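Okay, structure first, notes after.
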Amino acid sequence: MSNVRRGLEEAQDILEFNQHLDKIEAWIRDKEMMVQAHELGRDYEHCSALLRKLDDMDSDMKVDDKRVKSICALADKLLQQGPTQQAAAVSQRRDAFLAKWRALSGALQKYRDNLSAALEIHSFNRRRRHSRTHLQEGHTLQQLRTRTRTGGSSRAQEEASCEGRGGWGYQR
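Start counting the sequence shown at 1; every next residue gets the next number (the UniProt record's numbering).
Right, dumping it as structure tokens:
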């Protein structure tokens, strides 16, 4: 009975291992596509969205060193159970996964750094545009005030001039 139970536990562990790796490999493919596209965003919002996607902010799937260690621990547990039919497949799949993870983790950090730098540039450009718009609005307002003062002043001078000549209806 214990052999049957051990066999069932092993089958359950292998199933869990394969399911986790399937999800992680899909995650790796998604991140590889992001890194290869090297998209830095059209503007601040787009760049922020890319950074959020890269960091899995809006996802329930996040792969980090902790998760990688968990997968490796599960693989080690399977391999320590002794030679089985699945041991070679587990070892091979774990090794392939680790190679992909190592290659991707450095590229992810570089892309994250590039996105962060692009976000700073987009932020600077946004502030610059905002300042320019604000200055233009202030300049337009100043011109209107100047025209209003000048126009009001000229009107007062015209009225005084006309009053000195007998008012607005003065004729020769």
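Just so you know, even glycine gets a beta-carbon here, dropped at the ideal spot from N, CA and C. What you are looking at is a predicted structure, and each value in this text was computed from that prediction instead of being measured.
Exercise. Do you know offhand how far D113's Cα is from A103's?
Worked result: Mapped onto the sequence shown, residue 113 falls at position 113. Mapped onto the sequence shown, residue 103 falls at position 103. Looking at the two C-alpha atoms, the distance is approximately 16 Å.
Exercise. Can you list, in chain order, the stretches of the alpha helix (DSSP H) that have 4 or more residues and sit fully within the region 29 to 92?
Worked result: The region 29 to 92 contains these whole alpha helix (DSSP H) runs: 44 to 54, 65 to 80.
For this session: Report yes if the C-beta distance between V4 and K110 is below 9 Å; otherwise report no.
Result: Position 4 of the sequence shown, counted from the first residue, corresponds to residue 4. Position 110 of the sequence shown, counted from the first residue, corresponds to residue 110. Result no, Cβ atoms of V4 and K110 do not sit closer than 9 Å.
For this session: Measure the CB-CB distance between L54 and L119 and report whether it falls below 9 Å.
Result: Indexing the sequence shown from 1 puts residue 54 at position 54. Indexing the sequence shown from 1 puts residue 119 at position 119. For L54 and L119, no; Cβs fall outside 9 Å.
Exercise. Contact check, F97 vs I14 under 8 Å by CB: the rounded distance?
Worked result: Counting from 1 along the sequence shown, the entry for residue 97 is found at position 97. Counting from 1 along the sequence shown, the entry for residue 14 is found at position 14. Their Cβ separation, rounded to whole angstroms, is 15 Å, which puts F97 and I14 out of contact at 8 Å.
Exercise. Shortest alpha-carbon distance to E10 belongs to which of R129, A88, R147, L79?
Worked result: As a first step, residue 10 must be located in the sequence shown, where it is residue number 10. It is L79 whose Cα lies nearest to the Cα of E10.
Problem set entry | Best match in R127, Q136, R149, H122 for proximity to E45 [C-alpha to C-alpha] | In the sequence shown, the residue the question calls residue 45 occupies position 45. Residue nearest to E45 within the set R127, Q136, R149, H122 is H122 (criterion: CA-CA distance).
For this session: Determine the closest residue to V63 out of R147, W27, D43, E16, with distance taken between C-alpha atoms.
Result: Along the sequence shown, one-based indexing puts residue 63 at 63. Closest by alpha carbon: W27.
Exercise. How close, in whole Å, do the beta carbons of R94 and C72 come, if the pair is a contact with beta carbons under 8 Å?
Worked result: Taking the first residue of the sequence shown as position 1, residue 94 is located at position 94. Taking the first residue of the sequence shown as position 1, residue 72 is located at position 72. Rounded, the Cβ-Cβ distance is 7 Å, consistent with contact.
Problem set entry | Local Cβ density within 10 Å of K69, reported as buried at 16 or more and exposed below that | By one-based count along the sequence shown, residue 69 stands at place 69. The residue in question, K69, is exposed, as its Cβ has fewer than 16 Cβ neighbours within 10 Å.
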